[in-house]
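Okay, so here's the structure we're looking at.
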Amino acid sequence: PPPLPPPSAMLTSRGPALCTALRRAAPGGLASFHSSARRCRAARVAVVLSGCGVYDGTEIHEASAVLVHLSRGGAEVHMYAPDVPQMHVIDHTKGQPAEAESRNVLVESARIARGKISSLAKLTTADHDAVIFPGGFGAAKNLSTFAVDGKDCKVNREVERVLKDFHKAGKPIGLCCISPVLAAKVLSGAEVTVGHEEEEGGKWPYAGTAGAIKELGAKHCVKEAASASAVFSLTPIYEAHVDTKNKVVTTPAFMCETALHHIFDGIGAMVKNVLKLTGK
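Rendered as structure tokens:
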């Protein structure tokens, strides 16, 4: 067979045809390809932690689920936590406070973040497209005083600032498990879910939270950890509530006594809707 021409000759011979094809694909010219690439930038999502461990910090399974689903969604993630002392330290083998022990929320959260974490005071809307708060009692103890004061709780100053700033900027906010109480307290009239409003024989052990959310002036929307159709379907639909007006997305997670994979998939629904609302 005849020898192949050198690469330069091949490019030269195909140049006009290639340019014609590119012009047809992009009527705006080659510059449109570059602008399209800029528009496809990954969503930048801040994840706010509250310590490390379900009873006095962030629920670790929930944090991991959030991070896995954000990774799968192609998001660029940055983690934050307030640089404050924990309300107390719980011995997780006993479920009891560890006397004479104190820990810092930022330092403990760094365990989940593999050290890559910043003080919540540095979190700004200018650098992020969305923010997500995993659950765990830390949201009710360290990010707020809800665990002690219920509807009369106070929210950490930086947490309140972040919620208000993202809401004002029209950027989505995701919350799961107990953390929707933060939005209920700070964002007047927000719609959130923590699952069901009755304990139903222990399936929803924290159902009383729904009543407190209503007392805070928010609307509580009953949702499942997994929808009823999951019983009959090979492709279950896991539920998150989307408040389109306020761009607040919530899911019950461990507010329900259910299988871990239901928790994981419910958080996936929340993350998916948060990313969708970013428009990225």
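For the sequence shown, the working numbering begins at 50 and goes up steadily by one.
Ideal Cβ positions, reconstructed from N, Cα and C, are used throughout, including at glycine.
Just so you know, these numbers come straight off a predicted model, no measurement behind them.
Does the distance from the C-beta atom of residue i to that of residue j stay below 8 Å?
i	j	result
His337	Val211	The structure shown does not extend to residue 337, since the chain is modelled only from 50 to 329, so the question has no answer here.
Gly244	Trp253	yes
Phe303	Gly184	yes
Val96	Val117	no
Val94	Asp176	no
Glu264	Val235	no
Met136	Asn191	yes
Pro274	His311	Just to set this straight, residue 274 is Ala in the shown sequence, not Pro. Yes.
His141	Gly102	yes
Can you give me the start and stop residues for the beta strand (DSSP E) that residue i sits inside?
i	result
Thr299	Val297 to Thr300
Ala95	Arg93 to Val97
Val291	His290 to Asp292
Gly223	Ile222 to Cys225
Got a sec, what are the start and stop residues for the alpha helix (DSSP H) residue i sits in?
i	result
Ile316	Leu309 to Thr327
Ile109	Ile109 to Arg121
Gly257	Gly257 to Glu264
Leu231	Pro229 to Val235
Since I believe residue j is in contact with residue i (beta carbons under 8 Å), could you give me their beta-carbon distance rounded to a whole number of angstroms?
i	j	result
Gly187	Gly257	Not quite, the Cβ-Cβ distance comes to about 19 Å (not below 8 Å), so this is no contact.
Ile181	Lys296	With a Cβ gap of about 12 Å, Ile181 and Lys296 do not count as contacting.
Thr300	Glu288	7 Å
Arg90	Lys321	No, Arg90 and Lys321 are not in contact; Cβ-Cβ is about 18 Å, not under 8 Å.
Ala92	Leu324	5 Å
Val230	Ser193	7 Å
Leu98	Ser158	4 Å
Within the 8 Å Cβ cut-off, does residue i reach chain C?
i	result
Tyr104	Absence of chain C from the displayed structure is noted, only one protein chain being present.
Entirely enclosed alpha helix (DSSP H) segments - the segment 126–206, minimum 4 residues: 154–161, 187–190 and 195–198
Assess contact between the segment 162–169 and the segment 195–204, defined as three or more Cβ pairs (one per stretch) separated by less than 8 Å. Is contact present? no
When the Cβ atoms of the segment 123–131 are set against those of the segment 301–315, are three or more pairs found closer than 8 Å? no
Three-pair Cβ contact test at 8 Å for the segment 225–233 versus the segment 166–175: no
Tell me, please, whether the segment 146–156 touches the segment 109–120 by the rule of three or more beta-carbon pairs shorter than 8 Å. no
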